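Below is one structure; the comments refer to it alone.
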Amino acid sequence: MDSKMQQHGLLGSESDSQRTLYPYVTGTSVVALKYKDGILMAADMGGSYGSTLRYKTVERMKAIGKHSLLGASGEISDFQEILRYLDELILYDNMWDDGNSLGPKEVHNYLTRVMYNRRNKFNPLWNSLVLGGVKNGQKYLGMVSMIGVNFEDNHVATGFGNHLARPILRDEWHENLSFEDGVKLLEKCMRVLLYRDRSAVNKLQIAKITEEGVTISPPYSLKTFWGFSAFHNPTVGAEGSW
Amino acid sequence: MAKQHANWSPYDNNGGSCVAIAGADYCVIAADTRMSSGYNILTRDYSKTCKLADKAVLASSGFQADVKALQKQLAARHLIYQHQHNKQMSCPAMAQLLSNTLYYKRFFPYYAFNVLGGLDNEGKGCVFTYDAVGSYERVGYSSQGSGSTLIIPFLDNQLKSPSPLLLPAQDAVTPLSESEAVDLVKTCFASATERDIYTGDRLEIVILNADGIRREFMELRKD
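Going down the list, the protein sequences come from chains A and B. Residue numbers for the first sequence, in this note's numbering: 1 to 242. Residue numbers for the second sequence, in this note's numbering: 243 to 465.
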């Protein structure tokens with residue numbers, strides 16, 4: 001009875017619907033900031049299948065063309081689809097062979113249009129995208145959500161990063177951060193996310209994009225501290241609890 | 243057991259307020275620069291104003307993705323108009339175009355709350371105010387967005403507009419000078435920022451007059 005009622009739902013038959021209804025394999029937050037020479041972006045390598053940590057080496061940041069870096073959270077398969085769209089975009093751009101290349105602003109605009117269009121058809125790409133890059137000395141950092149909301153700023157974050165990382169960035173970010181300071185600031189944000197976001201994993205990459213190009217670091221993990229005295233005897237003061 | 247569905251909404255409210263005031267030979271259009279989603283601030287530096295034509299400036303709040311799409315649509319249509327008529331669109335013409343564009347999506351609306359300001363064909367200030375599906379009227383002043391309920395009564399009190407029901411029709415355009423109108427707008431936003439959580443950060447004011455277009459900024463509370 002239940003499934004019959006679902007089939008006559010408002011959005012039409014769900015059994016032969018090809019629309020995205022909910023995400024399956026998801027990536028968590030991406031955090032990025034502008035620094036002196038360009039953009040720094042960080043994302044962990046986890047792909048969660050609901051509450052299961054299914055994939056532990058998912059690269060959620062990719063270089064796009066010569067001038068851009070894309071990071072994504074949300075549905076991993078949709079991110080891979082977006083990479084295919086961008087491959088085609090960059091290919092056609094290169095085929096012009098006219099000395100011009102799409103900059104981060106253009107790629108961000110293209111992505112916004114793609115995401116908005118899919119939302120209009122009620123079949124969204126379930127991602128929050130971070131697009132950063134440098135072209136002709138101009139740094140650019142922007143974000144697009146799954147329903148097409150987009151903006152650019154000096155620092156951006158997706159998902160939990162909005163709640164946990166942005167406040168840190170608002171307090172400690174400043175113009176012309178050095179590379180070391182930028183990385184330290186990003187690691188501070190990622191550490192807080194690691195402690196407090198249950199879908200975060202301790203295996204991350206930090207990517208850098210400057211006028212010279214993109215470098216994505218090999219995976220590494222952050223040092224964490226769990227030696228708080230309250231963790232040693234957790235039931236002190238409340239016998240019977242775990 | 244019924245499956246758990248992640249319900250997503252194609253709409254979001256990114257907040258913010260817009261105001262426009264028409265003067266005898268100028269028009270002031272203003273909006274704050276905060277962009278929010280739920281209880282989060284996404285950015286403190288997002289412009290809600292858009293110059294559609296030399297004499298028409300649009301300020302829109304609501305769902306940012308729809309606002310952006312709407313602005314692009316209007317800008318594209320304006321370009322075509324210029325190609326076909328070899329002149330810029332007048333503000334009343336743009337007003338009609340905006341209304342038609344909004345109504346076109348009557349059954350999947352642009353979640354955009356618009357205020358269009360500019361100079362009419364005689365050089366007098368004009369303000370047009372809209373709802374999300376295109377119903378509009380020409381007024382002497384207006385406000386839309388999250389802070390509009392706080393701003394409109396204040397403007398009603400300060401600008402003492404004559405009733406639109408009077409015959410012969412009386413101009414609702416304010417006798418205030420340009421600088422007085424700008425000050426009034428700043429006061430509006432300072433007040434709205436106090437009580438509306440979605441309004442704040444910075445105020446962008448666009449002033450249109452016979453000499454052209456000018457922009458002013460003012461810091462607002464960031465909490």
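Here a beta-carbon is modelled for each residue, glycine too, at the ideal position from N, C-alpha and C. Quick caveat: nothing in here was measured; it's all calculated off a predicted structure.
Cβ-Cβ distance between residue i and residue j below 8 Å
i        : j        : result
Thr435/B : Leu401/B : no
Arg60/A  : Gly71/A  : yes
Leu131/A : Val107/A : yes
Tyr353/B : Tyr268/B : no
Leu294/B : Met336/B : yes
Cys292/B : Gly387/B : no
Leu185/A : Leu33/A  : yes
Asp362/B : Pro406/B : no
Lys208/A : Leu40/A  : yes
Asp443/B : Lys464/B : yes
Gly367/B : Ala266/B : yes
Gly137/A : Gly103/A : no
Leu418/B : Lys297/B : no
Thr215/A : Asp37/A  : no
Glu81/A  : Leu125/A : yes
Ala157/A : Val58/A  : no
Gln324/B : Gln315/B : no
Tyr220/A : Ala311/B : no
Asn202/A : Thr224/A : yes
Residue i to residue j span [Cα, whole Å]
i        : j        : result
Thr285/B : Arg276/B : 6 Å
Thr416/B : Val149/A : 36 Å
Phe370/B : Tyr281/B : 30 Å
Ser341/B : Phe349/B : 14 Å
Ser48/A  : Met460/B : 45 Å
Thr441/B : Ala42/A  : 31 Å
Ala165/A : Val357/B : 35 Å
Gly74/A  : Val299/B : 37 Å
Tyr383/B : Arg319/B : 26 Å
His456/B : Asp413/B : Reading off the sequence shown, one finds Arg at residue 456/B, where the question assumed His. If I take the Cα positions, the gap works out to 25 Å.
Ser101/A : Tyr110/A : 14 Å
Asn249/B : Leu426/B : 43 Å
Tyr22/A  : Leu83/A  : 20 Å
Lys121/A : Arg198/A : 32 Å
Lys62/A  : Lys290/B : 31 Å
Ile147/A : Asn256/B : 12 Å
Ala264/B : Val270/B : 6 Å
Met190/A : His163/A : 12 Å
Glu172/A : Val192/A : 14 Å
Ser421/B : Ser178/A : 44 Å
Tyr195/A : Ser145/A : 25 Å
Chain-ordered neighbours of residue i on chain A, where CB pairs are closer than 7 Å
i        : result
Ala273/B : None at all; the shortest Cβ gap to chain A is about 15 Å.
Asp287/B : Asp153
Leu284/B : Phe151
Ala311/B : Tyr116
is_contact[residue i, chain A] using C-beta, thresh 8 Å
i        : result
Ala318/B : no
Asn256/B : yes
Pro252/B : yes
Ala301/B : no
Ser279/B : yes
Test: residue i CB closer than 8 Å to a CB of chain B
i        : result
Phe160/A : no
Ile191/A : The sequence as given places Arg at residue 191/A; Ile does not occur at that position. Cβ-Cβ to chain B under 8 Å: no for Arg191/A.
Tyr116/A : yes
Gly132/A : no
Pro124/A : yes
Chain-ordered chain C contacts of residue i [CB-CB under 8 Å]
i       : result
Gly71/A : Among the chains of the structure shown, chain C does not appear; the protein chains present are A and B.
Where residue i meets chain B, residues with beta-carbon distance less than 8 Å
i        : result
Arg119/A : Pro252 and Ala307
Residues that residue i contacts on chain B, provided the C-beta gap is smaller than 7 Å
i        : result
Gly148/A : Ala307
Any non-hydrogen atom of the ligand ATP within 7 Å of residue i CB
i        : result
Tyr116/A : In terms of ligand content, the structure shown is empty, and the ligand ATP therefore cannot be addressed.
4-residue-minimum alpha helix (DSSP H) runs that sit fully inside the segment 351 to 391 of chain B, ordered along the chain:
none
Runs of alpha helix (DSSP H) wholly within the segment 166 to 207 of chain A (minimum 4 residues, chain order)
179 to 196
Suppose only complete runs of 4+ residues qualify. What are the alpha helix (DSSP H) ranges in the segment 94 to 163 of chain A, listed by chain order?
104 to 120
Contained alpha helix (DSSP H) runs [length at least 4] in the segment 288 to 341 of chain B, N- to C-terminal order
306 to 327
Continuous alpha helix (DSSP H) assignments of at least 4 residues falling wholly in the segment 405 to 438 of chain B
420 to 437
Quick check for students: name the residue ranges of the alpha helix (DSSP H) that lie wholly in the segment 252 to 281 of chain B, counting only runs of 4 or more.
none
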